[in-house]
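Just so we're aligned: 484 in the working numbering is position 62 of the sequence shown, and the numbers increase by one with no gaps anywhere.
Scroll down for the structure; my scribbles are underneath it.
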Amino acid sequence: PDAVREKDFHGNTPLHVALFFRLSLETIMPLVDTYPQSIEEKNSQNQSPLDLIRQLDVTEDIQKFISYASIICGHGVANAINQNRTSPSPVEILRFFINIQWWNGVLLTLNRHPAKVVQSLELHTNIMSELLSKIGRCCR
423 PDAVREKDFH
433 GNTPLHVALF
443 FRLSLETIMP
453 LVDTYPQSIE
463 EKNSQNQSPL
473 DLIRQLDVTE
483 DIQKFISYAS
493 IICGHGVANA
503 INQNRTSPSP
513 VEILRFFINI
523 QWWNGVLLTL
533 NRHPAKVVQS
543 LELHTNIMSE
553 LLSKIGRCCR
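What follows is the structure, encoded as structure tokens:
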């Protein structure tokens with residue numbers, strides 16, 4: 423696990439390298455699982471993984487994964503605003519993470535935006551309060 427925190431002589435994390443070599447989403451997800459902060463790490467050229475996906479020819483799934491993970495980690499919203507782009511809703515992010523089966527991302531999204539996600543499910547008030555209570559217990 424400590425290896426995902428190591429940087430090469432250019433300041434690249436394993437996530438940077440995986441993006442440079444256009445590795446599969448299945449290879450990239452465990453890197454973010456093990457070290458979520460890597461999504462915000464910058465190399466010696468001041469490039470984060472989010473910056474790299476804008477420059478490299480990576481798949482749409484990888485673009486979304488890095489963008490959405492960055493939003494959930496906190497800084498992606500500011501980057502989206504600075505780039506004059508709209509930020510996807512927590513529900514859109516949740517659906518994407520479920521689709522690619524990134525369960526840590528599902529939990530992070532529910533933990534960051536429980537009310538917005540649960541409201542979109544249009545559950546009865548009694549069920550919603552019970553679900554939020556259980557989510558709160560699981561995410562602590």
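For each residue, glycine too, the CB sits at the ideal point set by N, CA and C.
Taking a 10 Å sphere around the C-beta of THR449, we find fewer than 16 other C-beta atoms and assign the residue as exposed. When secondary structure is reduced to three states using DSSP, HIS432 falls in the coil class, being assigned neither helix nor strand. Counting C-beta pairs with one atom in each stretch, the stretch 512-520 and the stretch 432-448 have fewer than three that are closer than 8 Å, which means they do not touch.
Within the same chain, THR481, ASP483, ILE484, PHE487, ILE522 come within 8 Å of LEU447 by CB-CB distance, once the 5 residues on both sides are set aside.
Around ARG427, the same chain offers TYR457 as residues with beta carbons nearer than 7 Å, after the five sequence neighbours per side are excluded. Per DSSP, reduced to three states, the secondary structure at ILE522 is coil, with no helix or strand assignment. By the criterion of a C-beta distance shorter than 6 Å, MET451 is surrounded in its chain by TRP524, once the five residues flanking it on both sides are discounted. The DSSP-derived three-state label of ASN533 is helix. Straight through space, the alpha carbons of ALA537 and VAL454 are spaced by roughly 25 Å.
Minimum Cα-Cα distance from ASN468 among the listed residues ASN526, SER509, HIS432 corresponds to HIS432.
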